[in-house]
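Position one of the sequence shown corresponds to residue 1 (full-length UniProt numbering), numbered consecutively onward.
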Amino acid sequence: MTGRQANKLVALGTFVHCHSRQAIEFMHNSVVCVDENGKIVRIEKETGEGRLHAKAHAVIEELGWHHEDVNWHVCEPGQFFFPGFIDTHIHASQYPNAGIFGKSTLLDWLETYTFPLEASLASLPKARQVYTACVRRTLAHGTTTAAYYATIDVAATNLLADLCLSIGQRAFVGRVCMDDKGLNPDYYRDESAEASIQKTKEVIEHIESVDPSFDIVAPILTPRFAPSCSKEAMTGLAELQREKNLAVQTHISENKGEIALVAKLFPDSDSYAGVYDQYGLLTPRTVLAHAVHVTTEEADLIASRGAKVSHCPCSNSSITSGAARVRWLWSRGIEVGLGTDVSGGYSPSVLEAARQAVLVSRHVAMGVEQEGEEKEAAKLTVEEVLYLATRGGAKCLGMEERVGGFEVGKEWDAQMIGLAVVGEDGEKTGEGNVDMFGWENWEERMAKWLYNGDDRNTKKVWVKGRLVHERK
Ligand code: GUN
Ligand code: FE
Numbered sequence: 001m002t003g004r005q006a007n008k009l010v011a012l013g014t015f016v017h018c019h020s021r022q023a024i025e026f027m028h029n030s031v032v033c034v035d036e037n038g039k040i041v042r043i044e045k046e047t048g049e050g051r052l053h054a055k056a057h058a059v060i061e062e063l064g065w066h067h068e069d070v071n072w073h074v075c076e077p078g079q080f081f082f083p084g085f086i087d088t089h090i091h092a093s094q095y096p097n098a099g100i101f102g103k104s105t106l107l108d109w110l111e112t113y114t115f116p117l118e119a120s121l122a123s124l125p126k127a128r129q130v131y132t133a134c135v136r137r138t139l140a141h142g143t144t145t146a147a148y149y150a151t152i153d154v155a156a157t158n159l160l161a162d163l164c165l166s167i168g169q170r171a172f173v174g175r176v177c178m179d180d181k182g183l184n185p186d187y188y189r190d191e192s193a194e195a196s197i198q199k200t201k202e203v204i205e206h207i208e209s210v211d212p213s214f215d216i217v218a219p220i221l222t223p224r225f226a227p228s229c230s231k232e233a234m235t236g237l238a239e240l241q242r243e244k245n246l247a248v249q250t251h252i253s254e255n256k257g258e259i260a261l262v263a264k265l266f267p268d269s270d271s272y273a274g275v276y277d278q279y280g281l282l283t284p285r286t287v288l289a290h291a292v293h294v295t296t297e298e299a300d301l302i303a304s305r306g307a308k309v310s311h312c313p314c315s316n317s318s319i320t321s322g323a324a325r326v327r328w329l330w331s332r333g334i335e336v337g338l339g340t341d342v343s344g345g346y347s348p349s350v351l352e353a354a355r356q357a358v359l360v361s362r363h364v365a366m367g368v369e370q371e372g373e374e375k376e377a378a379k380l381t382v383e384e385v386l387y388l389a390t391r392g393g394a395k396c397l398g399m400e401e402r403v404g405g406f407e408v409g410k411e412w413d414a415q416m417i418g419l420a421v422v423g424e425d426g427e428k429t430g431e432g433n434v435d436m437f438g439w440e441n442w443e444e445r446m447a448k449w450l451y452n453g454d455d456r457n458t459k460k461v462w463v464k465g466r467l468v469h470e471r472k
């Protein structure tokens, strides 16, 4: 029961995706055919101006498709297709707090704002309200895949998985494990390490029952972060990971106070990354959020285990955590994606996270004392942050064969973006903050979208060929 629509789909117009970190590919006057399973089966590039529709009809005939079985989606002026965004780190349970953090920093933020809200979602009607709004809001911003943290509650976490499946957002859904008596409040923690593992298994079984092949929704092991977890719980989760090769998500080295706490709680480990490694949680399927203050030794350990990093620039600025060095992480051989980290981050938009990634990288550059190559290199480009938002995220989640770009064999997780067009009289057609005058080249259009775009520009969103959001 994945709620798929049976129709085939043909998209016509300009397709834009990231070829590599540095290169964006623009395919104009092109045709993409998507079969009833949501897979891209044919791409015809650059058919030539005026020949697009004729080519499309010829192609569907070749495929043996009937017109009445096909949904057509055609770009108008100012519109293009882009791969769906991938949010590699978001707390669905914290969505009502987006924007509410005052001047707090991580540990007091958790205590003041976060734990009380998460605990309150043991009420299923409230969980349904919050999770429905979160999934719909993120889809409206073009997020086709999200790695979600839910709460410690099994029923509410299962509900989040059900909602992602029925509304149609691809998701990794994690029940938060937090059993340690030190940091976690009495009113919000797992009763024991055994309970942590048992409840995690219940969520995995539920997801296996509703989406057996993890087509749309998959479980993800979610030890909240080292200070929340006992050694026994982390060890048990690592066993589960090895047994089923499941994805893992947690936080690392976000804030100096947190790092000092980890050093105190785990005196036998050399470092924060060393704690996760010691208990078997640093794997190629692990996504570590933040990594703001990791040392060179930790980065090398993370790289050697093939673990990934979710860069959360909006959150890192909002709760004053610091500026993560993406270029440096890349240079150590670590794959990086973007996370909104709602509600450490105030915005559910991955486009906003990409924009903030650019700005934070400029702050990293300003922190490099010496003028020259290193300072210049710290700055991320438009192409690079759009890569982080799509292909980079796909790689972090082990989805790079399925999503993140437009290639035959990949699934159609895509968004149709529309920018306003300014006429000769200065009046514009189309909504939003981005005005296209017509003389911008395509690189400039992407930059204008990145810096001033928002959900008003996200006209349609598909996941696995299913239209899951349309802006009316
Ligand atoms: N570290 C432990 N829990 C959290 C959380 O909910 N958000 C963030 N940003 N960091 C954390
Ligand atoms: Fe987080």
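Where a beta carbon is used, it is the ideal one built from N, C-alpha and C, also for glycine.
query                                                                                                                                                                                    : result
Please classify residue 65: does DSSP put it in a helix, a strand, or coil?                                                                                                              : coil
Which two residues bound the contiguous alpha helix (DSSP H) that contains residue 77?                                                                                                   : Note, residue 77: premise wrong, no alpha helix (DSSP H); not H, not E.
Measuring alpha carbon to alpha carbon, tell me which of 15, 104, 88 and 83 ends up nearest residue 320.                                                                                 : 104
Take residue 215 as the anchor and find which of 164, 124 and 256 has the nearest alpha-carbon.                                                                                          : 164
Along the chain, where does the beta strand (DSSP E) that runs through residue 477 open and close?                                                                                       : Nothing can be reported for residue 477, as the shown portion of the chain is limited to 1 through 472.
Cβ-heavy atom distance between residue 293 and the ligand FE below 7 Å?                                                                                                                  : no
For residue 70 versus residue 8, is the C-beta distance shorter than 8 Å?                                                                                                                : yes
Alpha carbon to alpha carbon, how far is residue 10 from residue 292? Give it in angstroms, no decimals.                                                                                 : 43 Å
Quick one: give me the first and last residue of the alpha helix (DSSP H) that residue 161 is part of.                                                                                   : 154–167
Considering Cα atoms alone, identify which of 409, 328, 108 and 75 is closest to residue 40.                                                                                             : 409
Compare the C-alpha of residue 178 against each of 438, 412, 193 and 241 and name the closest.                                                                                           : 193
Could you check whether residue 78 and residue 414 sit closer than 8 Å to each other, using their CB atoms as the reference points?                                                      : no
Compute the Euclidean distance between the alpha carbons of residue 86 and residue 268, then round it to the nearest angstrom.                                                           : 36 Å
Kindly list the residues whose CB is nearer than 7 Å to the CB of residue 128, restricted to its own chain and excluding five residues on each side of it in sequence; keep chain order. : 159
CA-CA distance, residue 16 and residue 398?                                                                                                                                              : 22 Å
Return yes when at least one heavy atom of the ligand GUN lies under 7 Å from the C-beta of residue 315, else no.                                                                        : yes
Hey, out of 33, 119, 144 and 66, whose CA is closest to residue 404's CA?                                                                                                                : 144
Which residue comes first and which comes last in the beta strand (DSSP E) that contains residue 229?                                                                                    : Counting along the chain, residue 229 falls outside any beta strand (DSSP E), and DSSP gives it neither H nor E.
From residue 222 to residue 394, what distance separates their C-alpha atoms?                                                                                                            : 18 Å
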